[in-house]
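Sequence positions in the sequence shown follow the numbering used here and run 8 to 539. Below you'll find the structure, written out as structure tokens, and then a few comments.
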Amino acid sequence: MVPTRKKARVSLLTQMVLLISIVVLISMGIGTALFSFILDDILDRYIGQQAMTVAKMAAMDDDIIAAFETDDPSELIQPIAETIRITTGASYVVIGNKDGIRYSHYDPDQIGLHMGTSNDPVFLENRSVIYRGSGISGPAIKAKTPILNKQGETIGVSSVGYVMSDVEKKVSEYKERVVALSMMLLVIGIIGAFIIARRVKRLIFGLEPEEISFLFTEKAAILESIRDATVAVDMQGRVVSMNKRARALLQEDLTVGKPISSSQIRDIILSVNRNTQEMNHKILLGHEIFITDYSPILNNNEVRGVVFTFRPESEIEQLTEEITKISSFSDNMRAQNHEYLNRLNTIYGLLKLKEYDKALEMITDEVKERQDILAFIMSSVKEPFIAACLLGKINRSKELKVAMEIDHDSHLGSVPEDMNTKVLVTILGNLIDNSMEAALEHKSSEAMVHISFTDLGGDIIFDIEDNGRGVPQEMQTRIFESGVTTKPGENRGLGLAIVKNSMELLDGHITIGTSNLGGARFTVVVPKHKGI
8 MVPTRKKARV
18 SLLTQMVLLI
28 SIVVLISMGI
38 GTALFSFILD
48 DILDRYIGQQ
58 AMTVAKMAAM
68 DDDIIAAFET
78 DDPSELIQPI
88 AETIRITTGA
98 SYVVIGNKDG
108 IRYSHYDPDQ
118 IGLHMGTSND
128 PVFLENRSVI
138 YRGSGISGPA
148 IKAKTPILNK
158 QGETIGVSSV
168 GYVMSDVEKK
178 VSEYKERVVA
188 LSMMLLVIGI
198 IGAFIIARRV
208 KRLIFGLEPE
218 EISFLFTEKA
228 AILESIRDAT
238 VAVDMQGRVV
248 SMNKRARALL
258 QEDLTVGKPI
268 SSSQIRDIIL
278 SVNRNTQEMN
288 HKILLGHEIF
298 ITDYSPILNN
308 NEVRGVVFTF
318 RPESEIEQLT
328 EEITKISSFS
338 DNMRAQNHEY
348 LNRLNTIYGL
358 LKLKEYDKAL
368 EMITDEVKER
378 QDILAFIMSS
388 VKEPFIAACL
398 LGKINRSKEL
408 KVAMEIDHDS
418 HLGSVPEDMN
428 TKVLVTILGN
438 LIDNSMEAAL
448 EHKSSEAMVH
458 ISFTDLGGDI
468 IFDIEDNGRG
478 VPQEMQTRIF
488 ESGVTTKPGE
498 NRGLGLAIVK
508 NSMELLDGHI
518 TIGTSNLGGA
528 RFTVVVPKHK
538 GI
């Protein structure tokens, strides 16, 4: 849901166009100012050098030098100087004698008068100078150089100037060109900004910044409220985001920003395409099995990532068991009612016939078996979790019609406090379930499972045997790998992988052998204290 605008705001498109235009305008303004400053400096130096070049050209002219020896030098010098002035574009070319009297000037009325600026650097120091100064022509960039005769004596001065009004006129022409170019670039920049802004607007689905911010907040809130562990990954297998349920369940195995180490998940990512429908798999992460659903993240019909949801199989099994129990409760009650009614009718008949001994024998047989099993478990197993596990598996064996026998010499005293008995129960539960399944598959109604255990010495040892087909020799080294199984069907081969990982938590080990019943024998050895 996108928030409704309560008041008119400047759209993102307009903001981007304005922002880019302002940046372009400021950049061009700074560039134009720098260009003008540099241009002024360059022109000052360039015109000064040009003025000096013209001044030296006039000072080295043989006709001008020779004219100093005549009675009226200005008559010969004036036309030559004017020719140089017009040819070079200088504002004036003035030739003066050592007394500062002009022999040439663009204004003939100034000929014969004193020059407007001092010639001391030329006559006293015998050097050429470039400077800014003001004379009768106004402010100008000037160059003065001495005129030498054939004997090397200074006989006059050559003064060339470029009036600042002429210089500024040239500078203005250049600046006008720069401004015109800048305006053209500004127009191009605004058009480009508009095109870029429209492109960005399309990429963000026409949303404004505050709408995008709200959507991200909304997405985070929705993700965190999902009950299942939800994880999003990219096509390189890196975790992009995950909700708090995922962080609680999977933080040790999945971390935001880091690649996924699970080969099963990586294989799923590689297999996902745009036509993939939501699917689910069993995956072993750490020491627990998860049911995962996944679906692709599409952008322009291209897969850009995958969203996974993880649910512990134990939770699903618990829900399934509860539903199954509820649905079968009435059937079980009806069947038990029918069975016990038949037995009660039999006992009633025996009592009516006054066969009291036979009635008592029938009642004793019915009760004795359950009492014997309960009494043995309570006396032989001091750990409640393990005792409950064995009782549960005995009841399960009766439902499956599997003959389960516990060695009467077995004994398990108190378990060390630092031992995680829940992990040990997971190991035993998986191994006993596997043995019952294997025995049922091979022997059907003659299926048998034998269990023995002891805590003598420094280890707790369990032996679980069955009369199934056993584990082939070539598979015994691989049977504990995830996905490896001797049974047909999908989503198998995880139970023993869990057993192996759980054994590592307890610092124990497990071996496979051949049972005296003809099937497999699994021997579990768990040290009472880690490191022993």
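No residue lacks a Cβ here, since even glycine has one placed at the ideal position from N, Cα and C. Here the structure is a predicted model, which means the values were calculated and not measured.
Who are residue i's beta bridge partners in DSSP?
i, result
"Arg109", "Gly103"
"Arg206", "DSSP, once it has assigned bridges, lists no residue as partnering Arg206."
"Phe460", "Phe469"
"Ala527", "Thr521"
"Asp241", "Gly312"
"Asn306", "Glu309"
"Met455", "Ala410"
"Val263", "Val246"
"Pro534", "Asp466"
"Ala236", "Phe317"
"Val388", "Leu419"
Which residue wins for smallest C-alpha separation from residue i, given the options the options?
i, options, result
"Lys408", "Lys400, His415, Asp514", "Lys400"
"Phe529", "Ile486, Pro86, Ser417, Asn349", "Ile486"
"Ile72", "Asn437, Ile37, Gln158", "Gln158"
"Glu295", "Met35, Glu82, Leu503", "Leu503"
"Ile413", "Ala66, Gly436, Phe383, Val422", "Phe383"
"Ser459", "His415, Leu431, Thr428", "His415"
"Leu193", "Val432, Ile439, Ser179, Ile29", "Ile29"
"Ile148", "Gly163, Glu89, Gly168", "Gly168"
"Ile37", "Ser321, Ser189, His418", "Ser189"
"Met35", "Thr95, Ala187, Ser452, Glu488", "Ala187"
"Pro80", "Ala62, Ile118, Arg92", "Ile118"
"Leu4", "Ser417, Leu155, Asp425, Glu424", "In this structure the chain extends from 8 to 539, so residue 4 is not present and cannot be described."
"Ile93", "Met482, Val61, Ser387", "Val61"
"Glu444", "Gly163, Leu25, Arg403, Gln480", "Arg403"
"Gly107", "Lys63, Asp116, Gly163", "Gly163"
"Lys63", "Ala88, Ala74, Gln271", "Ala88"
"Pro115", "Glu82, Lys507, Ile91", "Glu82"
"Asn156", "Arg109, Glu180, Ala74, Lys182", "Ala74"
"Asp440", "Lys361, Leu419, Thr461, Glu406", "Glu406"
"Ala239", "Tyr181, Val314, Val422, Glu362", "Val314"
"Leu438", "Asn104, Lys105, Ser509", "Ser509"
"Pro423", "Leu367, His536, Lys389", "His536"
"Gly436", "Thr461, Phe469, Ala454", "Phe469"
"Ser141", "Arg134, Lys176, Ser98", "Ser98"
"Gln271", "His288, Tyr363, Ala200", "His288"
"Asp68", "Val185, Ile54, Thr90, Gly55", "Thr90"
Measure the beta-carbon distance from residue i to residue j and round it to whole angstroms, keeping in mind my assumption that it falls under 8 Å.
i, j, result
"Gly477", "Gly515", "With 8 Å as the limit, Gly477 and Gly515 do not qualify as a contact, their Cβ atoms being about 22 Å apart."
"Ile393", "Thr428", "6 Å"
"Val5", "Ser111", "Residue 5 falls outside the range modelled here, since the chain spans only 8 to 539, and no answer is possible."
"Met171", "Pro146", "4 Å"
"Gly244", "Arg273", "5 Å"
"Ile519", "Val531", "Incorrect: roughly 11 Å between the Cβ atoms, too far for contact."
"Leu256", "Ala236", "5 Å"
"Met369", "Ile354", "6 Å"
"Asp473", "Ser442", "4 Å"
"His449", "Gly475", "4 Å"
"Ile267", "Val246", "7 Å"
"Thr124", "Ser135", "That belief does not hold up - the Cβ atoms of Thr124 and Ser135 are roughly 14 Å apart, past 8 Å."
"Ser179", "Gly103", "Incorrect: roughly 32 Å between the Cβ atoms, too far for contact."
Hey, how far is the Cα of residue i from the Cα of residue j?
i, j, result
"Lys251", "Leu397", "36 Å"
"Leu277", "Thr316", "17 Å"
"Val31", "Ile198", "11 Å"
"Ala253", "Pro319", "11 Å"
"Leu291", "Thr433", "14 Å"
"Arg52", "Ala150", "11 Å"
"Ala66", "Ala58", "12 Å"
"Asp466", "Val456", "23 Å"
"Gly96", "Pro86", "15 Å"
"Leu210", "Arg311", "15 Å"
"Pro534", "Leu513", "8 Å"
"Thr262", "Leu305", "23 Å"
"Met411", "Leu348", "27 Å"
"Ala446", "Ser522", "12 Å"
"Ile154", "Thr161", "6 Å"
"Met426", "Val506", "16 Å"
"Leu524", "Lys389", "28 Å"
Are the C-beta of residue i and some C-beta of chain D separated by less than 7 Å?
i, result
"Asp69", "Considering every chain present, this structure includes no chain D. It has just one protein chain."
Consider the C-beta atom of residue i and the heavy atoms of the ligand MN; say whether any pair is separated by less than 6 Å.
i, result
"Ala527", "The model depicted lacks the ligand MN and carries no ligand whatsoever."
What are the uninterrupted segments assigned as beta strand (DSSP E) that are 3 or more residues long and contained completely in the region 132-187, given in chain order?
-> 136-142, 145-155, 161-170
With a floor of 3 residues, list each beta strand (DSSP E) that falls wholly inside the region 392-423, ordered by position along the chain.
-> 410-413
In chain order, each alpha helix (DSSP H) run of at least 4 residues that lies wholly inside the region 35-101 | 69-74, 80-95
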